[in-house]
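Going by the working numbering, the letters in the sequence shown line up with residues 1031 to 1246, in that order.
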Amino acid sequence: MSRRNPPDSLLFPLQPVIPDFALELTARRDGFWPVAGADEVGRGPLAGPVVAAAVILDPDAVPDGLNDSKLLSAEQREMLFDQIMATATVSIASSSARHIDTSDILKASLDAMRRAIFGLATAARFVLIDGRDVPPGLACQAKAIVKGDSRSASIAAASIVAKVTRDRMMARADSTFPAYGFALHAGYATVKHRTAIDSHGPCSLHRMSFRPFRQV
């Protein structure tokens, strides 16, 4: 019996995908400029807002090391945040826990992205959006890209800005609600957070429409 050769992926492991500026330059060649990237952070936590950012990068000053914020250390995110804020056009918006509870997490996330895009000091002609959904009511062309923060430098930059902004918001909330440890877990459903909820009940930052809060 002949032996099959192993697939190339075993001989040559796939390299991690690094976001670049190719999608932005393609849009520019098609006559759409400037191009913004938009992303949100905080859909999953039990507490706190969902935060969205829209970023228009300067093509001559794209920071090195941009990537999906989840793949970067806190120190890397902070360093890149400062570079992005110094060189790019940035807008940030958020939807509170109450907003999330009165609509739903998807609608609240898309609304935050829409407001971030509209808040740009320079209006974008085209927006690259992380995920499957385009916010309704935009005044420009837009394209949703699954895992866009690993493909587009602009989306990766927006991911970093949103993540750092939300982490800072939750760290500040920790001083107001010290029993929950928000500075440690940013509202995500860690064992420490769930234990604090069991001991103290929810606070005003908790999303009452989320389990374990909502009535079944």
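Glycine included, C-beta positions come from ideal geometry on N, C-alpha and C. Predicted model, so just to flag it, every value in this text is computed and none were measured.
Worksheet entry | Pick from 1172, 1218, 1186 and 1074 that is closest to residue 1120, judged by C-alpha positions | If we check each option's Cα against that of residue 1120, 1186 comes out closest.
Worksheet item: Does DSSP put residue 1156 in a helix, a strand or coil?
Response: In this structure, residue 1156 counts as strand in the three-state DSSP scheme.
Worksheet entry | Contacting residues, own chain, Cβ-Cβ under 6 angstroms from residue 1135 (five flanking each side not counted) | Cβ within range, chain order: 1073.
Discussion item. Taking a contact to mean a Cβ-Cβ separation below 8 angstroms, would you say residue 1079 touches residue 1139 in this structure?
Written reply: No. Outside cutoff.
Fill in: residue 1169 versus residue 1226 - alpha carbon distance
Rounded to the nearest angstrom, the two C-alpha atoms are 44 angstroms apart.
Practice prompt. Indicate the three-state DSSP secondary structure (helix, strand or coil) for residue 1081 in the structure shown.
Written response: Strand.
Practice prompt. Would you mind stating whether residue 1247 and residue 1158 have Cβ atoms separated by less than 8 angstroms?
Written response: Since the first residue shown for the chain is 1031 and the last is 1246, residue 1247 is missing from the structure and cannot be characterised.
Worksheet item: How many angstroms separate the CA atom of residue 1128 from the CA atom of residue 1165?
Response: Note on geometry: alpha-carbon atoms of residue 1128 and residue 1165 lie some 20 angstroms from one another.
Worksheet item: Any idea which residues DSSP pairs residue 1120 with across the strands?
Response: The partner list for residue 1120 (beta bridge, DSSP) reads 1085.
Worksheet entry | Counted within 10 angstroms of its Cβ, other Cβ atoms place residue 1230 as buried (16 or more) or exposed | It is exposed - the Cβ of residue 1230 has fewer than 16 other Cβ atoms within 10 Å.
Practice prompt. Check each candidate in 1086, 1100, 1093 and 1052 and name the one with the smallest Cα separation from residue 1148.
Written response: Measuring from the Cα of residue 1148, the nearest candidate turns out to be 1086.
Item to complete: Would you decide whether residue 1161 is buried or exposed? Buried here means 16 or more other CB atoms lie within 10 Å of its CB.
Response: Residue 1161 is buried by the Cβ-count criterion.
Worksheet item: From residue 1038 to residue 1240, what does the alpha carbon distance come to, in whole angstroms?
Response: With a pLDDT of 47 at residue 1038, under the threshold of 50, the modelled position of this residue cannot be trusted; read the value that follows with caution. Roughly 44 angstroms separates the two Cα atoms.
Worksheet item: Rounded to a whole number of angstroms, what is the C-alpha to C-alpha distance between residue 1183 and residue 1201?
Response: The C-alpha of residue 1201 is placed about 27 angstroms away from the C-alpha of residue 1183.
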